[in-house]
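Taken in order, these protein sequences are the chains called A and B.
This note's numbering puts the first residue of the first sequence at 944, with every later residue one more than the last.
This note's numbering puts the first residue of the second sequence at 695, with every later residue one more than the last.
Here a beta-carbon is modelled for each residue, glycine too, at the ideal position from N, C-alpha and C.
Predicted model, so just to flag it, every value in this text is computed and none were measured.
Since the structure comes first, as structure tokens, the remarks are kept for the end.
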Amino acid sequence: MTEIVMDQTPPILQGPSEKERKYDRQLRLWAASGQAALESANILLVNSGAGTVGVETLKNLILPGIGRFVIHDNALVDEADFGVNFFLDDSCYGKPRAQCLASLLGELNPEVEGDWSPKTKDDSLGSLLKKSPLFTAIMYTYPINHVELESLEQYSKEHKTPLIAIHSTGFYSYFTVRLPGTFPIVDTHPDETATTDLRLLSPWPELVEFAKSMTKDIDGLDNFEHGHLPFVVILLYYLDQWKATHNGAYPSKYKEKTEFRQLVRDAARTDNPEGGEENFDEAAAAVLKTVTPSSLPSGLKEVFEFEHEDPIQERPMFWIIADAVKMFYTEHGSLPLPGNVPDMKAQSKVYVQLQNIYKTKARKDAAEVLQTAQAIAGAGREVDPAEVDLFCKNAAFVKLINVEGGGDTAPIGSKERLQQVLRTEMANDQMAEMTLQPMSLFPVYLALRGLANCGNASADKMQIVEAAKSLLSDDLSNEEYGDLNEKLGNVAEDLARAEYGELHNISALTGGMVAQEIIKIITKQYIPIDNTCVFDGIKSRTQVFRV
Amino acid sequence: MASELTTEAVLAAAAETPDTLLTTSSQARVLMVGAGGIGCELLKNLVLTGFGQVHVVDLDTIDLSNLNRQFLFRHEHIKKSKALVAKEAAQKFNPAAKIVAHHANIKDAQFNIEWFSSFSIVFNALDNLEARRHVNKMCIAADVPLIESGTTGFNGQVQVIKKGVTACYDCSPKDTPKSFPVCTIRSTPSQPIHCIVWGKSYLLNEIFGASEDESAFDNSVDGDNAQEIEELKRESEALRKIRNSVGTEEFPEMLFEKVFKTDVERLRSMEDMWKTRKPPEPLSYKDLFEKAKSQSLDQEKVLKDAQKVWSLEENLVVFNDSLERLSKRVLESKTAGEDAIITFDKDDEDTLDFVAASANIRSAVFGIDRKSKFDIKQMAGNIIPAIATTNAIVAGLCVLEAFKVLKGQYDRAKEVFLTPFANARMLASDKSRQPNPDCPVCGVYQTRAYVDLDKATLNDLVEHLIKTNLGYGEKDFAISNEVGILYDPDETDNLEKKLSELGIKPDSFLTITDEDDEEPFVNVVIAIQEAKEPLGDKPVKGILDPEDVKIPLKPKKQSQPEPVATPAPTNGNSTSNGQNGGVIDLDGDEPTTTPAKPSLKRGHPEDAEGPSVKKIKANDKAADDDIVFIEDSAGAIVIDDD
């Protein structure tokens, strides 16, 4: 056991480049892999209306360094733009807004390539979509026209492109993320402390051997050695002791665990100058969390039980690896070992040995999964070992987004779905006073969609309310939804007065939220909103719905 | 196509009381402290929302690593003032707005209480605890509403602070920050931790963490940044030479001369940076080495004492010794054909020794206190991740809270948190918290006094202000400042001294602690103001007439403090103390009972308030471990540091 294994990702071999230093603060969040994904992203913004929220969103994507963007905007710059759009000034007056914005946004980051459309009278969104390199994600802002919206939806369906709708009017906004089918995330960035998996109740032979060799004469160790036994070794030793006096069973109930914890505490030496031992304190503190049999986490269970329509060889690599992990789990009764060891009191040499034991086992598990995955994929497809490693490390935290609900949930995007959500929200509102919960923001969402459907900036309050209600049903009975009329009316009144005007501040804030979600989707890291987020700027509140 | 409205018109349409809001926001004079991540966004939002006059204060210059989010800055602005460049850029968004930029430290004397009180709202867009605390204290003293905000990675929060109405920044204890902005680390360190982070994240990394690669500087050279790129190239070449010398006899001297002499001299030549700071002093290896030699220091012995603060010479010995050990490891790995890379690990003695010694030598260069290796091990920390999106969200929330503040709707003001990892929402808001009655900053009675600093003695202050104007009469009380006790019934030596001799300056704060057992006043903080016109026969004058001074009583009955030093602070549990009323509290007599509630140690700042003042006196000077003082010229805040 001489090989020293690097903890976590090995450090980069060359010095930090200028680019790495520029992006230093974000690389700490999504690492080089996330940055590479961003840098290869090609984003389309279809801008309309006041146009601020789209520009603010794009700004927040250009700064961290997406590869390329295109702005499609049919408007010419006029006076109204100057109040809300921080970029545009007098010199832009009368020019195509897309051109001015693309040029000014491009200045924010010279590494990002920018383009705009339409450049001629014959250019349309349709022709842009046809001739452009494949878009990674498309966002559009309201009030988009029907023709353009349809061509975007068509494109999204055809190319499995995420489509993001953004609407900001007055003090209100929402955005909806439409992902192409089920969206799995491996790199969910769980809390670091949550990822520790020490397998104390199912140790493998090398770990058992190591612990035994350190503790075979535990009482004969001198104070230094005894005070530097790693807590993992201490727990393994006393778990054996416990088993010997408890018919071979591990402590499982809470009471047993606290008794076991006391056993460990009592084993610390107190006749030393410190009057106690830090490593034994660590061991006792770790009992409740680490002396637990491993179980299948719900996120992964959902992955394992997901029903597919396509044959396994044709699925994305995620599913092939997932299947291999599932086979691993079925065979061994546990997931592949993540392999990380938390910091603990120990002699450096011993700690490195312990790390090696965990890393070696993790590598062995990952190699087995890789082999299985390769067999499933077949000779024609190469399985990337790095992808398998990442999956094995994060297996317990893998998450599926945008899963079409089984059973009684209506399909995403349907009228029935809206009705279902509305019923739940209105029922919650009736309880709101008792439970001290704030009122639902769903009426805000409905009113904004109603406004968009009016297709007319001078729509009045009643028109907006009616348009909102017709989203739900052609024939909505008032009794069914209680005071919905009044709630819609309150929002609609504000919206009617705003006449599709955007507040810079609300749009800037919304642009921050939308860009954050797009980054999660592009990098496939962290868990994105599923699927609609509504913002109320009067109450400084958001609420997420699945509609 | 929709008819689009101006911001003002939409505001008017959507806001609940449009007229007042519009008038107030365009007339409002606001201050933004910090023009970094949140600041850039916030300035844009304020200007486009129609705030009429915005003052911007920031002492930092622009760094390459700012450009991924601070969108007002470009590559050609690197090393320029954040405040000035931000003003320039944002001015274009709204030529009608008046933006005033100050490239300065918010703690400078020019930004006094009077200046703070000229603003309708102050926005904190800061990145460090120390400045946040300072602005908080000034806003409480000037009674100006403060909108406090911060971000870390995907997390962020916004809080409205209004004296007496909502909790202030110091109403709840804050953890000491573990991370720092890079400009502080690389150019303008002011605390030991800055030098420690430099040693750990910069120096160790550059020398042992990664090897140089020429391709790193190949790209993006154009007219404007050519000089900067050239500078970086030179720096990296100098470093590479040193790296290649790892293991040679000259290595320690080369490295020392590079980072503690050449680089320091270059930094020192940027005069603008040292207008309000003490410039760094370059060191000479040879001089120091000779001194160390003459003391015949033994590294084994030095290293053994990790609790002791090493002398500069001792640090050099450890610097050389740890370099030798690290170099040996590098050479060994190279011979074995392995990657010769060493990363910091607090348990890796070689790296820790190197970081401790380098940090301490750098501290000496910048005139900062050195720390023991034991302390340095604990203090080594990380850099805060920061992204554009979080800043955009937080800045937007700040402006929304500002609307409520302008309308005086503090009941509707919210404390908003970004909750990026909660599934069902992105923001969570809470009602603003109530002020903590025991807060050392806002839980005190604040007043001001005009003083003729050339004439006034401490006795003048006691007789003409505290006893009469403030109504202490024959009460027993103590006066303290950031250094310690200036006066109490047993400590009267200072009475005849002039305030100026006691280090009291304009905008100094003095704390008056009522030592009466019966119905004591809350602590009173007096901000000293220089008299602008002659004060007549008395060189001290309160700003209020005696009948307008209404100092509240301490909210809870304290136990009868024994006039001796008690080793444990009083039990801070408000309910038990409050309900005890006249019942005998055992704290003073039986200190052993207090550790029974250790969990309260953090939650109650008053643990540090009353009793700690006692402790200063009893223990003679601020040698006590349990308290620290905010060390700035004007501060008199005592905070718990347990």
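Chain-ordered chain B contacts of A:CYS1476 [CB-CB under 9 angstroms] = ARG1119 and MET1120
query = What residue range is occupied by the uninterrupted alpha helix (DSSP H) comprising A:SER1413?
reply = 1404-1415
task = List the residues that DSSP assigns as beta-bridge partners of A:GLU1022.
result = Per DSSP, none; premise fails for A:GLU1022.
ask   = Does the region 1002-1010 of chain A come close enough to the region 755-769 of chain B to have 3 or more Cβ pairs within less than 8 angstroms?
value = Segments in contact, yes.
query = Around the Cβ of A:MET1377, are there at least 16 other Cβ atoms within 10 angstroms (buried) or fewer (exposed)?
reply = exposed
request  = Kindly identify the DSSP beta-bridge partner or partners of B:ILE855.
outcome  = B:LEU840
ask   = Helix or strand or just coil, what does DSSP make of B:ASP1124?
value = strand
inquiry  = Can you list, in chain order, the residues of its chain with a C-beta nearer than 7 angstroms to that of A:ALA1395? Leave out the 5 residues immediately preceding and following it.
reply    = TYR1085, PRO1086 and HIS1110
ask   = Among A:ARG1484, A:GLY1444, A:LEU1365 and A:ASN1337, which one has its Cα closest to the Cα of A:THR1139?
value = A:ASN1337
Beta-ladder partner(s) of A:ASN985, from DSSP = A:ARG1011
message = Looking at chain A, is there any beta carbon in it that lies within less than 8 angstroms of the beta carbon of B:GLU735?
response = yes
query = Any chance the region 811-818 of chain B sits against the region 1050-1062 of chain B, with 3 or more Cβ pairs inside 8 angstroms?
reply = no
task = Can you tell me which of the three DSSP states A:PHE1249 falls into?
result = coil
ask   = Can you name the residues of chain B whose CB is closer than 7 angstroms to the CB of A:PHE1385?
value = Near A:PHE1385 there are no residues of chain B at all, since even the closest Cβ is about 13 angstroms away, more than 7 angstroms.
message = So A:ILE1472 contacts chain B; which residues on that side make the cut at Cβ distance below 8 angstroms?
response = A:ILE1472 reaches chain B at MET1120, counting residues in chain order whose Cβ is nearer than 8 angstroms.
query = According to DSSP, is B:VAL790 helix, strand or coil?
reply = The residue asked about is misnamed: residue 790 of chain B is Ala in this sequence, not Val. Three-state DSSP puts B:ALA790 in coil, outside helix and strand.
ask   = Given 8 angstroms as the limit, is there contact between the region 1264-1274 of chain A and the region 1195-1213 of chain A, that is, 3 or more CB pairs closer than that?
value = no
inquiry  = Using 8 angstroms as the cut-off, can you tell me whether the region 1016-1030 of chain A makes contact with the region 1471-1486 of chain A, which would need three or more C-beta pairs spanning the two stretches below that distance?
reply    = no
key: Three-state secondary structure (DSSP) of B:ILE1062   = coil
query = Just reading off the alpha helix (DSSP H) that B:PRO1340 is part of, what are its end residues?
reply = Absent from the model: residue 1340 of chain B. The displayed extent of chain B is 695 to 1336, so no value can be given.
query = From the beta carbon of B:ILE1081, is the nearest beta carbon of chain A less than 8 angstroms away?
reply = yes
inquiry  = Just checking: is the beta-carbon of A:ILE1462 within a distance shorter than 8 angstroms of some beta-carbon in chain B?
reply    = Yes, because at least one Cβ of chain B sits closer than 8 angstroms to the Cβ of A:ILE1462.
request  = Tell me, please, whether the CB atom of A:LEU1491 is closer than 8 angstroms to any CB atom in chain B?
outcome  = Here chain A comprises residues numbered 944 to 1490, so residue 1491 of chain A is not present and cannot be evaluated.
message = Below 7 angstroms, is the gap between the Cβ of A:LYS1482 and the nearest heavy atom of the ligand ZN?
response = This structure does not include the ligand ZN; it has no bound ligands of any sort.
query = Which residues in chain A sit within 8 angstroms of B:THR743, going by Cβ to Cβ distance?
reply = LEU1446, HIS1447 and ASN1448
query = In whole angstroms, what is the alpha-carbon distance linking A:THR995 and B:GLU782?
reply = 22 angstroms
ask   = Cβ atoms of A:VAL1120 and A:ALA1154: under 8 angstroms apart, would you say?
value = No; because the gap between Cβ atoms is not below 8 angstroms, this pair is not in contact.
message = Tell me which residues share the same chain as A:PRO1236 and place their Cβ nearer than 6 angstroms to its Cβ, disregarding the 5 neighbours each side in the sequence.
response = LEU1144
query = Any C-beta of chain A sitting closer than 8 angstroms to the C-beta of B:ARG962?
reply = no
message = Can you confirm whether A:MET944, when its beta carbon is compared against all beta carbons of chain B, has any partner nearer than 8 angstroms?
response = Summary for A:MET944: the model assigns pLDDT 32, below 50, so the residue's position carries little reliability, and this model does not support an answer.
request  = Note the first and the last residue of the continuous alpha helix (DSSP H) segment covering B:VAL750.
outcome  = Looking at the DSSP string, B:VAL750 is not in any alpha helix (DSSP H); the run it does join, the beta strand (DSSP E), is 747-751.
query = Which two residues bound the contiguous beta strand (DSSP E) that contains A:SER1111?
reply = 1106-1112
ask   = Of all Cβ atoms in chain A, is any one closer than 8 angstroms to the Cβ of B:LYS786?
value = yes
task = Write down the C-beta distance between A:ASN1215 and A:GLY1163 rounded to the nearest angstrom, noting that I regard them as a contact closer than 8 angstroms.
result = Contact flag wrong, Cβ pair sits at about 15 angstroms.
ask   = Where does A:LEU1164 sit, in a helix, a strand or coil, going by DSSP?
value = coil
message = In chain order, what are the residue ranges of uninterrupted beta strand (DSSP E) at least 3 long that sit wholly in the region 1119-1196 of chain A?
response = Considered as a whole, the region 1119-1196 of chain A harbours 1126-1128 as its complete beta strand (DSSP E) runs of no fewer than 3 residues, in chain order.
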